[in-house]
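In what follows, a structure is listed as structure tokens, so that the remarks can point back to it.
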Amino acid sequence: MKTYSGILAALFTTLVILGCGGGDKGDEILIGEFGSLTGTTATFGQSTHHGLELAVEETNNAGGVLGKKIRLLVEDDQSKPEEAATAVTKLITRDNVKAIIGEVASSRSLAAAPICQQFKIPMVSPASTNPEVTKKGDFIFRVCYIDPFQGEMLARFMYNSLGFKKAVILKDVKNDYSVGLAQYFRQTFESLGGTVVAEQAYSEGDSDFKAQLTALKAAEPEAMFVPGYYIEGALIVKQARELNMTMPIVGGDGWDSSKLLEVGGQAMNNTYFSTHYSTDDTAAAVRSFVTKYSARFNERPDAMAALGYDAGLILFDAIRRAGNTDGTAIRDALAATSDFTGVTGSITIDERRNARKPLVILTVENASLKYKESIQP
Amino acid sequence: MRLHKSGLMLIAAIVTGFAISRFEHLINPYYYQVLIYIGINIILASSLNLINGFAGQFSLGHAGFMAVGAYTSAVVTSQLHFASSSMLNTAAFSLALLLGGIVAAIFGLLVGIPSLRLKGDYLAITTLGFGEIIRVIVQNLDFLGGARGFTGIPKLTNFVWVFSTVAIVILLVSNLINSTYGKSFLAVRDDELAAETIGISSTRVKVIAFVTGAFFAGVAGALYAHFVTYINPAQFSFLKSFEIVVMVIIGGMGSIFGVILSAILLTILPEMLRSVAQYRMVVYSLLLIVIMITRPRGLFVRTRTAKQSVALKTLR
Amino acid sequence: MSEFLQQVINGISLGSIYALIALGYTMIYGILRFINFAHGDVFMVGAFIGYFVAPHVISLTGGSLWIAAPIVLIVTMVGCSALGVTIEKLAYRPLRSRPKLTVLITAIGVSFFLEYGGQLVFGPDPKLFPTLIPSSSLINTQHVVIGTNSIVVILTAIVLMLLLRFIVYNTKMGTAMRAVSFDHRVASLMGINIDSVISFTFVLGSGLAAAASLLYASVYPSINPLMGIFPGLKAFVAAVLGGIGNLAGAALGGLIIGITETFVSGYISSSYRDAIAFAILILILLFKPSGILGRHDRDKV
Numbered sequence: 017m018k019t020y021s022g023i024l025a026a027l028f029t030t031l032v033i034l035g036c037g038g039g040d041k042g043d044e045i046l047i048g049e050f051g052s053l054t055g056t057t058a059t060f061g062q063s064t065h066h067g068l069e070l071a072v073e074e075t076n077n078a079g080g081v082l083g084k085k086i087r088l089l090v091e092d093d094q095s096k097p098e099e100a101a102t103a104v105t106k107l108i109t110r111d112n113v114k115a116i117i118g119e120v121a122s123s124r125s126l127a128a129a130p131i132c133q134q135f136k137i138p139m140v141s142p143a144s145t146n147p148e149v150t151k152k153g154d155f156i157f158r159v160c161y162i163d164p165f166q167g168e169m170l171a172r173f174m175y176n177s178l179g180f181k182k183a184v185i186l187k188d189v190k191n192d193y194s195v196g197l198a199q200y201f202r203q204t205f206e207s208l209g210g211t212v213v214a215e216q217a218y219s220e221g222d223s224d225f226k227a228q229l230t231a232l233k234a235a236e237p238e239a240m241f242v243p244g245y246y247i248e249g250a251l252i253v254k255q256a257r258e259l260n261m262t263m264p265i266v267g268g269d270g271w272d273s274s275k276l277l278e279v280g281g282q283a284m285n286n287t288y289f290s291t292h293y294s295t296d297d298t299a300a301a302v303r304s305f306v307t308k309y310s311a312r313f314n315e316r317p318d319a320m321a322a323l324g325y326d327a328g329l330i331l332f333d334a335i336r337r338a339g340n341t342d343g344t345a346i347r348d349a350l351a352a353t354s355d356f357t358g359v360t361g362s363i364t365i366d367e368r369r370n371a372r373k374p375l376v377i378l379t380v381e382n383a384s385l386k387y388k389e390s391i392q393p
Numbered sequence: 072m073r074l075h076k077s078g079l080m081l082i083a084a085i086v087t088g089f090a091i092s093r094f095e096h097l098i099n100p101y102y103y104q105v106l107i108y109i110g111i112n113i114i115l116a117s118s119l120n121l122i123n124g125f126a127g128q129f130s131l132g133h134a135g136f137m138a139v140g141a142y143t144s145a146v147v148t149s150q151l152h153f154a155s156s157s158m159l160n161t162a163a164f165s166l167a168l169l170l171g172g173i174v175a176a177i178f179g180l181l182v183g184i185p186s187l188r189l190k191g192d193y194l195a196i197t198t199l200g201f202g203e204i205i206r207v208i209v210q211n212l213d214f215l216g217g218a219r220g221f222t223g224i225p226k227l228t229n230f231v232w233v234f235s236t237v238a239i240v241i242l243l244v245s246n247l248i249n250s251t252y253g254k255s256f257l258a259v260r261d262d263e264l265a266a267e268t269i270g271i272s273s274t275r276v277k278v279i280a281f282v283t284g285a286f287f288a289g290v291a292g293a294l295y296a297h298f299v300t301y302i303n304p305a306q307f308s309f310l311k312s313f314e315i316v317v318m319v320i321i322g323g324m325g326s327i328f329g330v331i332l333s334a335i336l337l338t339i340l341p342e343m344l345r346s347v348a349q350y351r352m353v354v355y356s357l358l359l360i361v362i363m364i365t366r367p368r369g370l371f372v373r374t375r376t377a378k379q380s381v382a383l384k385t386l387r
Numbered sequence: 590m591s592e593f594l595q596q597v598i599n600g601i602s603l604g605s606i607y608a609l610i611a612l613g614y615t616m617i618y619g620i621l622r623f624i625n626f627a628h629g630d631v632f633m634v635g636a637f638i639g640y641f642v643a644p645h646v647i648s649l650t651g652g653s654l655w656i657a658a659p660i661v662l663i664v665t666m667v668g669c670s671a672l673g674v675t676i677e678k679l680a681y682r683p684l685r686s687r688p689k690l691t692v693l694i695t696a697i698g699v700s701f702f703l704e705y706g707g708q709l710v711f712g713p714d715p716k717l718f719p720t721l722i723p724s725s726s727l728i729n730t731q732h733v734v735i736g737t738n739s740i741v742v743i744l745t746a747i748v749l750m751l752l753l754r755f756i757v758y759n760t761k762m763g764t765a766m767r768a769v770s771f772d773h774r775v776a777s778l779m780g781i782n783i784d785s786v787i788s789f790t791f792v793l794g795s796g797l798a799a800a801a802s803l804l805y806a807s808v809y810p811s812i813n814p815l816m817g818i819f820p821g822l823k824a825f826v827a828a829v830l831g832g833i834g835n836l837a838g839a840a841l842g843g844l845i846i847g848i849t850e851t852f853v854s855g856y857i858s859s860s861y862r863d864a865i866a867f868a869i870l871i872l873i874l875l876f877k878p879s880g881i882l883g884r885h886d887r888d889k890v
């Protein structure tokens with residue numbers, strides 16, 4: 017009993033000590049980040065955080081912004097919307113950050129956006145694709161493309177470039193991103209004249225998809241659309257191939273991770289997915305990002321890392337152009353962002369505060385990625 | 072006499088709430104937000120305490136009732152919200168809270184009835200299952216937004232609403248427990264067979280506990296929805312139910328004030344742990360284990376009376 | 590017809606995985622009468638032990654999987670058993686005479702600790718599990734495919750169940766386990782060392798979780814720290830469905846859930862898949878509250 021009480025006391029003391037410190041310094045610009053460092057989508061939160069950290073380090077090494085260093089304050093939201101709201105309120109009202117970066121999941125961005133709007137603090141979301149997010153107010157921006165654009169482009173790609181008329185969809189019913197992509201894909205694909213002959217669903221965290229795949233196979237499709245994340249995507253493709261489903265399989269930017277090929281291997285051949293950039297891209301920005309990221313974190317960057325990096329650089333660029341750290345000035349500068357050369361392409365912020373940028377389609381041949389085509393918005 | 076006294080206390084509480092809310096703008100918005108979550112968690116934990124602590128029915132599906140309340144009220148205010156007049160807003164919101172509670176109570180009845188045949192772990196896993204089924208159904212309903220969630224809920228929840236509801240729940244639970252009715256709750260919890268032999272209907276007790284508990288979980292869900300302004304089904308998974316159960320157990324099952332204190336503590340604790348970022352949840356779960364081992368009857372239950380000791384024995 | 594046959598095969602191979610995890614659940618419940626919510630997370634740790642150990646073992650044995658796979662299995666089982674016994678000693682034993690709910694909350698705490706600790710130590714991103722069972726197709730026609738790994742899973746599940754049955758019914762320790770499960774106090778009066786019986790139960794239960802995790806990770810070769818949550822929950826439902834504490838019941842429950850999930854998502858609607866296991870559970874419990882093969886414990890007046 018005594019030892020346990022001792023542990024308890026020790027833990028509390030540690031917390032009190034850790035709780036101290038911090039404080040605002042005049043020669044720094046405070047930027048807040050909220051993300052899923054723990055919980056169900058921790059892998060995306062941590063990738064984004066790494067990308068952003070790299071952006072901050074690079075900017076500071078190059079002399080910072082407006083003669084000041086950037087200091088990044090990161091808050092964990094445990095992958096929960098209500099925690100996101102608390103984290104952002106804390107960052108704005110306790111830590112007095114000048115701008116907010118976050119979140120990957122639209123659900124958390126939707127909970128946090130009204131708060132940023134209320135306090136007139138600009139918020140840049142790296143990867144929330146639900147169109148509703150930036151409708152929360154004129155201080156809310158994003159650097160990724162939205163579900164309707166990506167869904168439409170993938171449907172056009174399947175219908176026009178690949179020439180298929182009969183498709184099936186396997187979506188993640190628990191995940192708003194996947195549900196959104198599936199909906200807009202279907203709309204466009206059908207309006208072009210194609211038919212979606214069957215639609216099945218799975219839930220984030222599942223690892224057996226054979227029941228759904230067997231049912232989809234019976235519908236005899238020419239191609240399959242699997243919006244969702246790479247974690248399930250690789251297993252789905254693998255199991256489809258095991259069931260002798262050899263048709264082309266198309267995914268979205270949630271597939272972009274080196275893990276996709278690691279897990280899927282040769283089974284990934286004859287798949288296509290949309291993304292922001294190709295790691296084989298010869299553009300200087302991409303090259304240097306991939307090299308630096310791999311050296312710093314000992315892993316290849318995925319799409320989330322690249323988007324976190326770009327979200328940081330676009331925000332710092334806007335602060336530089338604004339000339340001061342006033343929320344409204346930063347907002348105006350962000351809104352005026354045009355042809356910014358990021359890792360994820362040339363980004364222009366449109367009048368709805370969404371990023372307009374090209375979409376790259378990659379394909380897998382002999383278990384390695386190949387550039388297929390670029391689609392301009 | 073008792074009702075009269077309770078009424079007065081309630082009015083006093085609500086007046087206090089209004090008085091405090093005058094100084095709302097002086098509180099830092101972050102602390103204000105944590106304060107609101109504390110209130111909502113007190114409502115959730117106290118209402119679960121009624122089912123778990125007083126009626127002795129182990130439920131792991133509280134988040135499901137919360138979801139029902141949250142979604143029902145969100146649908147109501149999205150249909151009724153009149154931004155032009157604060158009077159109408161108040162009326163619309165009262166209606167939304169009430170409907171959220173009532174629909175959740177109906178679900179409480181649906182869950183309470185099968186619970187009559189089940190006990191202990193079987194009941195626990197069944198209620199967990201009910202909660203998950205509710206979540207999956209909401210996830211598939213397009214008019215509720217499905218997995219993409221329900222957006223654009225007006226921010227109507229404020230300190231007065233939460234404080235008043237907390238006051239109502241606490242008064243109701245403590246009055247219920249001190250009434251003859253409440254004694255029959257404890258009797259069923261301590262020994263169902265013995266209670267039946269002295270003419271207490273255990274069916275009635277269990278159903279009332281589930282319906283009342285679910286009602287307030289629904290109201291809490293409604294307050295939550297109108298504070299965060301965005302809800303999606305994933306927020307109401309079994310992990311949320313676990314959180315509420317943990318509050319009840321750490322506070323001490325059947326201890327009204329212990330549960331209130333633990334709801335406060337467990338809302339503040341993760342905030343205090345913010346500085347340790349990634350280590351936060353590891354530290355939190357370690358603390359949970361240590362608390363359970365050092366204070367297994369609840370953090371705030373100091374001594375036990377003979378009666379409680381018997382009660383706890385039967386719960387094993 | 591071929592679709593139907595394929596779905597039957599899918600259902601059985603999924604069900605046998607649930608059954609494997611459910612066996613460990615049901616054993617611990619049978620002895621201690623509490624839901625070990627951390628079982629699914631011990632299962633996860635097993636997969637990670639395999640992930641770290643397998644490459645070394647494979648290179649030491651010169652790439653021969655016939656020798657490497659059993660070694661990895663033994664190492665993982667020992668690792669998980671040690672973890673299970675440690676958890677029992679540190680977290681559950683001090684609470685043994687406390688209300689069951691207290692232990693349940695502690696188990697939830699342990700489960701969170703392993704999940705969040707796993708995210709911290711292993712990283713939250715999924716890892717590729719190395720090949721231990723070469724995957725090829727046993728039967729491969731245009732319409733019906735049976736993979737070797739499904740067969741290995743089914744065979745292992747059967748062997749482990751028979752082995753467990755033997756241990757529980759034909760050994761001295763097994764008799765002691767049954768005595769403890771019947772009544773702790775009486776068993777200790779008969780001179781049975783309760784502590785060692787419970788430790789042994791955790792060794793067996795966690796060892797089973799380890800075996801299940803290796804098979805699971807071989808069939809679905811992507812592992813992450815949260816991978817234990819859903820299989821754990823489904824397996825628990827399977828154990829309750831079959832009658833918790835009953836070995837054959839756990840296997841039966843696992844199969845029923847696997848097959849029903851497969852058929853409902855294949856023929857009715859896959860968007861409700863998460864709810865299926867629970868819906869079956871509620872229906873069965875309403876009609877037979879002790880589970881399919883469970884004993885019905887009457888209240889003693």
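Here the protein sequences come in this chain order: A, B and C. Sequential numbering from 17 applies to the first sequence in our numbering. Sequential numbering from 72 applies to the second sequence in our numbering. Sequential numbering from 590 applies to the third sequence in our numbering. Positions of the beta carbon are idealized from the N, C-alpha and C atoms, including for glycine. Computed from a predicted structure; not experimentally measured.
Residues of chain A with a Cβ closer than 8 Å to the Cβ of residue 210 of chain B are, in chain order, 189, 190.
Shortest Cα-Cα distance from residue 94 of chain A to any of A/269, A/253, A/121 involves A/121.
The C-alpha of residue 129 of chain B lies about 54 Å from the C-alpha of residue 74 of chain A. Looking at the DSSP output, residue 288 of chain A sits in a beta bridge with A/266, A/379. For residue 216 of chain A, the enclosing beta strand (DSSP E) starts and ends at 211-218. In the assembly as shown, residue 99 of chain A is a buried residue. Its beta-carbon has 16 or more other beta-carbons within 10 Å. Excluding the 5 residues flanking it on each side, residue 666 of chain C has same chain C-beta neighbours closer than 6 Å at 796, 799, in chain order. For residue 863 of chain C, the C-beta contacts it makes with chain B under 9 Å involve 203, 204, 206, 207, 210, in order along the chain. Among the CB atoms of chain B, none fall inside 9 Å of the CB of residue 777 of chain C.
Here residue 122 of chain B has 128, 130, 280, 281, 284 as same chain residues with Cβ atoms under 7 Å from its own Cβ, once five neighbours each way along the sequence are excluded. Interface criterion met: the Cβ of residue 829 of chain C is under 9 Å from a Cβ in chain B.
In the structure shown, residue 354 of chain B falls within a helical segment according to DSSP collapsed to helix, strand and coil.
Contact of residue 826 of chain C with chain B by beta-carbon distance below 8 Å involves 196, 200. Measuring C-alpha to C-alpha distances from residue 124 of chain A to each of A/179, A/87, A/193, A/206 identifies A/193 as the nearest.
Annotation for residue 287 of chain B: 114, 118, 240 place their beta carbon closer than 6 Å to its own, counting only its chain and skipping 5 residues before and after. Contact annotation: residue 205 of chain A and residue 183 of chain A have beta-carbon atoms nearer than 9 Å.
When rounded, the separation of the alpha-carbon atoms in residue 87 of chain A and residue 814 of chain C is 31 Å. For residue 90 of chain A, the enclosing beta strand (DSSP E) covers residues 85-92. DSSP lists A/381 as the beta-bridge partner residues of residue 384 of chain A.
Going by DSSP, residue 656 of chain C is part of the alpha helix (DSSP H) stretching over 654-676. Across the structure, residue 816 of chain C and residue 854 of chain C are spaced so that their CA atoms are roughly 21 Å apart.
Taking a C-beta distance under 9 Å as the contact criterion, residue 289 of chain B and residue 124 of chain B do not qualify as a contact pair. The CB of residue 212 of chain A never comes closer than 8 Å to any CB in chain B; the least such distance is about 17 Å.
Interface flag for residue 160 of chain B against chain C is unset, since no Cβ pair is found closer than 9 Å.
Residue state for residue 368 of chain A is assigned as coil, using DSSP reduced to three classes. Judged by DSSP in its simplified three-state form, residue 592 of chain C adopts helix. For residue 48 of chain A, there is no enclosing alpha helix (DSSP H); the residue is found in the beta strand (DSSP E) stretching over 44-51.
Contact of residue 352 of chain B with chain A is assigned, a C-beta pair being separated by under 9 Å. Per the DSSP secondary-structure output, residue 188 of chain A pairs in a beta bridge with A/218.
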